[in-house]
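Sequence positions in the sequence shown follow UniProt numbering and run 1 to 276.
Note that beta-carbon positions come from the ideal geometry of N, C-alpha and C, so glycine has one too.
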Amino acid sequence: SKVDQNKLRKAEEKLKQKAERRDGVGPSTTENTTTSNVQASASQSLSKKANRQEETGTNRTKDIKIENFDISFGSHVLLQGANLSLNYGERYGLCGRNGIGKSTLLKMLSTGQLVIPSHVRILHVEQEVVGDDTIALESVLECDTVRNDLLQREKILSQKSSLTDKETEQLNEIYQELTAIEADKAPAKAATILLGLGFTHEMQKNATKTFSGGWRMRLALARALFSKPDLLLLDEPTNMLDMKAIIWLTNYLINNWTSTLLVVSHDRKFLSEVPT
């Protein structure tokens, strides 16, 4: 049978537009998306004295309060004279129509264009894990830089045939620190998170380069959950997950997440359950 090229072209265009709406972008190309990242900008009124106090540790709160800030997309003002308050340990949800600046707000926070206390650790899940020879489980474990550093120092000292008194003391301190952070439980915790997000025990042994982009996005989410930043920024996290993983993520955030969470989502059920 003969294919109607006009109908085929129209059908492909409709599928493309549907995919773009699902991913939260308009009918722009990849080039335009890159340009939008460059054009987005933010400004805010700052109290330099307050910022210095927080940075020097005299007021090391993990609460976040940003006053009188603007966010623009080129010449288009998305937010003007806005205020944002995030109390540490609370879970917040952002909803609204596309194009009003939700994702851009997360970007401005994670890139530092909106200034928050320097001691607050931020993690924005927006890019998939790079595919290489690192196995999935190890990819998650390597996020814990404190544990990795202690294990490396312990390995170096343990390989020595003899230790000085100072080195023996250092090794004992390392063991104490490893015990304090429950380093021995880290692999099981990482495996539990991966399993919840759909990675079978066999998949956890596979190199990251063997996974598709969607699965590497799940890996990025797993790394974020495992590393426990002070402020976790999630942009449409349920888009990459099946129903089973969404249910697990919902329960995990409700029952296990103790730091601050700011999530953008169009999933009404997810937003009705996760934010506090």
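Per-residue burial, residue i [other beta carbons within 10 Å of its own, 16 or more giving buried]
i	result
ILE193	buried
THR179	exposed
HIS76	exposed
ILE174	buried
HIS124	buried
VAL130	exposed
ARG218	buried
ARG268	exposed
residue 290	Here the chain covers residues 1 to 276 and nothing more, so residue 290 does not appear.
THR276	exposed
ASP165	exposed
LEU163	exposed
ILE66	buried
Short Cβ contact (7 Å threshold) for residue i with residue j
i	j	result
PHE226	ALA190	yes
THR238	PHE270	yes
ASP230	VAL120	yes
ARG223	GLU128	no
LEU233	LEU106	yes
ASP132	THR208	yes
ILE122	SER103	no
GLU167	LEU157	yes
ASN68	GLY81	yes
Of the residues the options, the one placed nearest residue i, counting alpha carbons only
i	options	result
THR258	THR200, GLU177, ARG91 and ILE66	ARG91
GLU236	ASN255, LYS62, LYS228 and LEU261	LEU261
LEU150	LYS160, SER161, ASN172 and ASP133	ASN172
ASP242	LEU253, GLY214 and ASP144	GLY214
THR61	LYS102, SER118, ARG97 and LYS244	SER118
GLY96	VAL264, PRO275 and ASP144	VAL264
GLU142	PRO187, ASP70 and MET203	PRO187
GLN113	ASP70, LEU197, GLU154 and SER161	ASP70
ILE247	LYS228, LEU197 and MET203	LEU197
C-alpha gap between residue i and residue j, whole angstroms
i	j	result
SER72	ILE100	10 Å
LEU64	SER85	For clarity, residue 64 is Ile in the given sequence; the question names Leu instead. Cα to Cα, the separation comes out at about 6 Å.
GLY26	LYS205	At GLY26, the pLDDT of 39 sits below 50, so the modelled position is not reliable; the number obtained from the coordinates is stated separately. If I take the Cα positions, the gap works out to 37 Å.
PHE199	LEU137	10 Å
VAL115	MET108	9 Å
GLU182	HIS266	37 Å
ALA245	ALA220	14 Å
ARG147	GLU177	9 Å
GLN152	ASN83	44 Å
VAL274	TYR88	15 Å
LEU195	ASP144	19 Å
GLU126	LEU94	16 Å
SER272	ILE254	11 Å
GLN159	ILE135	26 Å
ASN256	HIS201	22 Å
MET203	GLY74	43 Å
LYS155	MET240	38 Å
The ligand ADP heavy atom lying under 6 Å from the CB of residue i
i	result
LEU106	Questions concerning the ligand ADP fall outside what the structure shown contains, since it holds no ligand whatsoever.
Start-end ranges of the beta strand (DSSP E) lying completely within the region 189-262, minimum 3 residues
231-235
Which runs of the alpha helix (DSSP H) at least 4 residues long sit entirely within the region 144-182? Give them in chain order.
145-158 and 165-180
For a minimum of 4 consecutive residues, which ranges assigned as the alpha helix (DSSP H) are wholly contained in the region 73-140?
102-110
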